[in-house]
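So in full-length UniProt numbering, spot 292 of the sequence shown is number 292, and the numbers just go up one at a time. Just so you know, even glycine gets a beta-carbon here, dropped at the ideal spot from N, CA and C. For clarity, every value in this text was computed on a predicted model and none was experimentally measured.
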Amino acid sequence: MSKHRILIIEDDADIVLILRLKLESEGYEAHHAGNAKQGWEKIITGEFNGVLLDHNLPDRKGVELLEQIAHAYPDLPVIFMTAFSSVPLAVKAMRVGAYDYLTKPFNLDEVQIVLRKAMEMKSLRSEVNQIRQQNRETFNFSKIIGRGGRMSELLEMCRTVAESEASSILITGESGTGKNLIAQAIHYNSRRANWPFMTITCTALPEQLLESELFGHEKGAFTDAKERKRGLFEMGNGGTIFLDEIGDLPMQLQAKLLGVLESRSFRRVGSLQDLAIDARFIAATNQHLQERIREKAFRGDLYYRLNVIQLEVPALRDRREDIPELVRYYQTYFNKNRRHPIDTMCEAAMDALIKYDWPGNVRELRNVIERAMILCKGDELTLVDLPRDVVSHIPGHSCLSGFTLPADGIDLEAVEKDFLRQALERTDGNQTKAAQLLGLSRDKMRYRVKQL
1 MSKHRILIIE
11 DDADIVLILR
21 LKLESEGYEA
31 HHAGNAKQGW
41 EKIITGEFNG
51 VLLDHNLPDR
61 KGVELLEQIA
71 HAYPDLPVIF
81 MTAFSSVPLA
91 VKAMRVGAYD
101 YLTKPFNLDE
111 VQIVLRKAME
121 MKSLRSEVNQ
131 IRQQNRETFN
141 FSKIIGRGGR
151 MSELLEMCRT
161 VAESEASSIL
171 ITGESGTGKN
181 LIAQAIHYNS
191 RRANWPFMTI
201 TCTALPEQLL
211 ESELFGHEKG
221 AFTDAKERKR
231 GLFEMGNGGT
241 IFLDEIGDLP
251 MQLQAKLLGV
261 LESRSFRRVG
271 SLQDLAIDAR
281 FIAATNQHLQ
291 ERIREKAFRG
301 DLYYRLNVIQ
311 LEVPALRDRR
321 EDIPELVRYY
331 QTYFNKNRRH
341 PIDTMCEAAM
351 DALIKYDWPG
361 NVRELRNVIE
371 RAMILCKGDE
381 LTLVDLPRDV
391 VSHIPGHSCL
401 SGFTLPADGI
411 DLEAVEKDFL
421 RQALERTDGN
431 QTKAAQLLGL
441 SRDKMRYRVK
451 QL
């Protein structure tokens, strides 16, 4: 592990010597600049993890250099050093962007403690930035598979919505279509990307706990409220709050959610103080909310308040042209954990996937590919590896025991001979691979070929 590089910008040689000895004894790599000009030049040419900056420099005031550093390198922690009598100046430095300040004469142990905390903060900030960047790449619209007409139209609309100031979005679609993915893509391609994305599944918590989880509570608000608790709305402030399965939100909380959307404020349970909230609300449902309204199970006013922008995610059966690309994506994904990758799928198996109706949508397709790759004994996914439900619609196909005997019967020997021929053609005459396709041992395969 490389040492943390610390730059000391100080013109007092004695202080520099003391600081260098202390830092190097603690495992840091210490560098020095005697004035603001040298310090700035070293900052822009070197990669430093932290800066110890004195205020009284011969060519410029330290607080001026601090402002320049904070503007150009906001993630570089700067510890401001000043005389004890200049505490108001140190406070100003904190407002300008200093991580912390030290007053002279300072205790060397205090220097070490402040510096260690600054390095921990920088490391944490670096990890957060890395996660944010990964999320931006993962949820980039270009990474979402959908080249067909309906999906390409949806993604184009999502891009527009993400860049807009739309405060309420409703995503509809069957279960498993990828509503959560669309919500996250909107968030990570918006100006709110550096703020939290809070997922709230409206069916995941008991009704009596849901209000406290959403809004938080004050100490003593109810029997078990021993401490003040921030709710999910408060923690998601500035970012995006994703309300999944909104159609199942209890009626009492629907009224309170409507109040939040209209006033852009809320109260913790047991509090009299309103807290402002600046967040984008995205709700998702696989239910027909207008039917729920007619059943008096969902508030009409909340529906119209959420439905500022409606995005309908198409079912997989309505975007069959995307299935081959989705299959390749999941094969690549599951190959990461396989010793022997399976990169291909036979034409018949792909055709079966395209023709299947997918009641579970993309989620079901993912599970089918994962199962097939676990069970596959060859180098290619075939019909044999697919579940019976997926291939049962193929006329005359035998999937384990799923073959339907025609009303006028069949010539069993002819069927067996035809399957043997197909297996050998598909494997270029390789009897071992052909046997795997038919669920036979190599010896049984040889015997049947010889007999027929």
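1) With a floor of 4 residues, list each alpha helix (DSSP H) that falls wholly inside the stretch 213-296, ordered by position along the chain.
2) Candidates ASP244, GLY220, VAL384 and ALA315: which alpha carbon is nearest MET198's?
3) Looking at the strands, I want to know which residues DSSP matches up with GLY50.
4) What first and last residue would you give for the alpha helix (DSSP H) that runs through ASP100?
5) Apart from the five residues on each side of it in sequence, which residues of its chain come closer than 7 Å, Cβ to Cβ, to TRP195?
6) Sorted by chain position, which residues of the same chain lie with C-beta nearer than 6 Å to ASN135's C-beta, five sequence neighbours on each side aside?
7) If you run the structure through DSSP and keep just helix, strand and coil, what is LYS336?
8) Can you tell me whether ALA414 is buried or exposed? The criterion is at least 16 other CB atoms within 10 Å of its CB, across all chains shown.
9) Within the continuous alpha helix (DSSP H) that includes PHE298, where are the two ends?
10) Which whole-angstrom value is the C-beta distance of GLU174 and ASN286, which I expect to be below 8 Å?
11) Distance check for ILE171 and GLN252, CA to CA, integer angstroms please.
12) Do the stretch 77-86 and the stretch 34-53 touch if we need at least three Cβ pairs shorter than 8 Å?
13) Alpha carbon to alpha carbon, how far is GLY146 from LEU452?
14) Relative to the alpha-carbon of SER168, which residue among ALA276, LEU424 and LEU257 has its alpha-carbon at the smallest distance?
15) Do you know offhand how far GLN254's Cα is from ILE9's?
16) Could you name the residues of the same chain whose beta carbon sits closer than 8 Å to that of GLU227, not counting the 5 residues immediately before and after it, in chain order?
17) Am I right that LYS3 and GLY27 are in contact with their C-beta atoms under 8 Å? What's the rounded C-beta distance?
18) Report the three-state DSSP secondary structure of ASN140 (helix, strand or coil).
19) Tell me whether TYR447 is buried or exposed, calling it buried when 16 or more other Cβ atoms sit within 10 Å of its Cβ.
20) Are the Cβ atoms of GLY270 and ALA315 separated by less than 7 Å?
21) For a test of the three-state rule: what should DSSP assign to GLU312, helix, strand or coil?
22) Please classify GLU163 as buried or exposed, where buried requires at least 16 other C-beta atoms within 10 Å of its C-beta.
23) Mind checking who THR344 pairs with in its DSSP beta bridge?
24) Do ALA372 and LEU381 have their beta-carbon atoms positioned less than 7 Å apart in this structure?
25) Skipping 5 residues on each side, what residues in its chain have a beta carbon closer than 8 Å to that of GLY360?
26) In chain order, what residues of the same chain have a beta carbon less than 6 Å from the beta carbon of GLU207, not counting five sequence neighbours either side?
27) Can you check whether the CB of LEU353 is closer than 7 Å to the CB of ILE323?
28) LYS46 and ARG5 look like a contact to me (Cβ under 8 Å); what is the Cβ gap, rounded to whole Å?
29) What does the alpha-carbon distance come out to for the pair ARG95 and PRO88?
Reading it off the structure:
1) 232-235, 251-263 and 289-294
2) The residue you call residue 198 lines up with position 198 of the sequence shown. Per the Cα distances, ASP244.
3) Taking the first residue of the sequence shown as 1, we reach residue 50 at position 50. Paired residue(s): ILE6.
4) Within the sequence shown, numbered from 1, the residue matching residue 100 stands at position 100. Premise fails: ASP100 lies in the beta strand (DSSP E), 100-104, not in any alpha helix (DSSP H).
5) Within the sequence shown, the letter at position 195 stands for residue 195. For TRP195, where only same-chain residues beyond five positions count, the Cβ hits under 7 Å are GLY238 and GLY239.
6) In the sequence shown, counting from the first residue as 1, residue 135 sits at position 135. Cβ neighbours of ASN135 beyond the five flanking positions: TYR188.
7) Counting from one through the sequence shown, the residue named residue 336 turns up at place 336. The answer is coil: DSSP assigns LYS336 none of H, G, I, E or B.
8) Residue 414 sits at position 414 when you count from the first residue of the sequence shown. With fewer than 16 Cβ atoms within 10 Å of its Cβ, ALA414 is classed as exposed.
9) On the sequence shown, position 298 is the one that residue 298 refers to. Unbroken run through PHE298: none, as it is neither H nor E.
10) Counting from one through the sequence shown, the residue named residue 174 turns up at place 174. Counting from one through the sequence shown, the residue named residue 286 turns up at place 286. Between ASN286 and GLU174 the Cβ distance is about 6 Å, and since that is below 8 Å, they are a contact.
11) On the sequence shown, residue 252 is found 252 positions in, with the first residue counted as 1. On the sequence shown, residue 171 is found 171 positions in, with the first residue counted as 1. The alpha-carbon atoms of GLN252 and ILE171 are separated by roughly 22 Å.
12) yes
13) Counting from 1 along the sequence shown, the entry for residue 146 is found at position 146. Counting from 1 along the sequence shown, the entry for residue 452 is found at position 452. Between GLY146 and LEU452, the C-alpha separation is close to 47 Å.
14) Taking the first residue of the sequence shown as 1, we reach residue 168 at position 168. Considering only alpha carbons, the answer is LEU257.
15) Taking the first residue of the sequence shown as 1, we reach residue 254 at position 254. Taking the first residue of the sequence shown as 1, we reach residue 9 at position 9. Rounded to the nearest angstrom, the two C-alpha atoms are 58 Å apart.
16) The residue given as residue 227 occupies position 227 in the sequence shown. Closer than 8 Å at the Cβ level, and outside the excluded window around GLU227, lie LYS219.
17) Position 3 of the sequence shown, counting from 1, holds the residue named residue 3. Position 27 of the sequence shown, counting from 1, holds the residue named residue 27. Rounded, the Cβ-Cβ distance is 6 Å, consistent with contact.
18) Taking the sequence shown and counting its residues from 1, the one referred to as residue 140 is at position 140. The answer is coil: DSSP assigns ASN140 none of H, G, I, E or B.
19) On the sequence shown, position 447 is the one that residue 447 refers to. Counting Cβ neighbours within 10 Å, TYR447 comes out exposed, since fewer than 16 surround it.
20) For the purposes of this step, residue 270 is identified with residue 270 of the sequence shown, where counting begins at 1. For the purposes of this step, residue 315 is identified with residue 315 of the sequence shown, where counting begins at 1. The answer is no: Cβ separation not under 7 Å.
21) What you label residue 312 is simply residue 312 of the sequence shown in a count that begins at 1. GLU312 falls in the strand class under three-state DSSP.
22) Stepping through the sequence shown from its first residue, residue 163 is reached at position 163. The residue in question, GLU163, is exposed, as its Cβ has fewer than 16 Cβ neighbours within 10 Å.
23) Your numbering for residue 344 matches position 344 in the sequence shown. Its beta-bridge partners are GLU380.
24) As a working mapping, residue 381 is identified with position 381 in the sequence shown. As a working mapping, residue 372 is identified with position 372 in the sequence shown. A contact, by the Cβ cut-off of 7 Å.
25) Residue mapping note: residue 360 aligns to position 360 of the sequence shown, counting from 1. Around GLY360: SER175, GLY176 and ASN367.
26) Counting from one through the sequence shown, the residue named residue 207 turns up at place 207. These residues qualify, in order along the chain: PRO250.
27) As a working note, residue 323 is residue 323 in the sequence shown. As a working note, residue 353 is residue 353 in the sequence shown. Taking 7 Å as the Cβ cut-off, ILE323 and LEU353 qualify as a contacting pair.
28) Position 46 of the sequence shown, counting from 1, holds the residue named residue 46. Position 5 of the sequence shown, counting from 1, holds the residue named residue 5. Looking at the sequence itself, residue 46 is Gly, so the reference to Lys does not match. The pair is a contact, with the Cβ atoms about 7 Å apart (cut-off 8 Å).
29) Here residue 95 refers to the residue found at position 95 when the sequence shown is read from its first residue. Here residue 88 refers to the residue found at position 88 when the sequence shown is read from its first residue. Whole-angstrom Cα-Cα distance: 11 Å.
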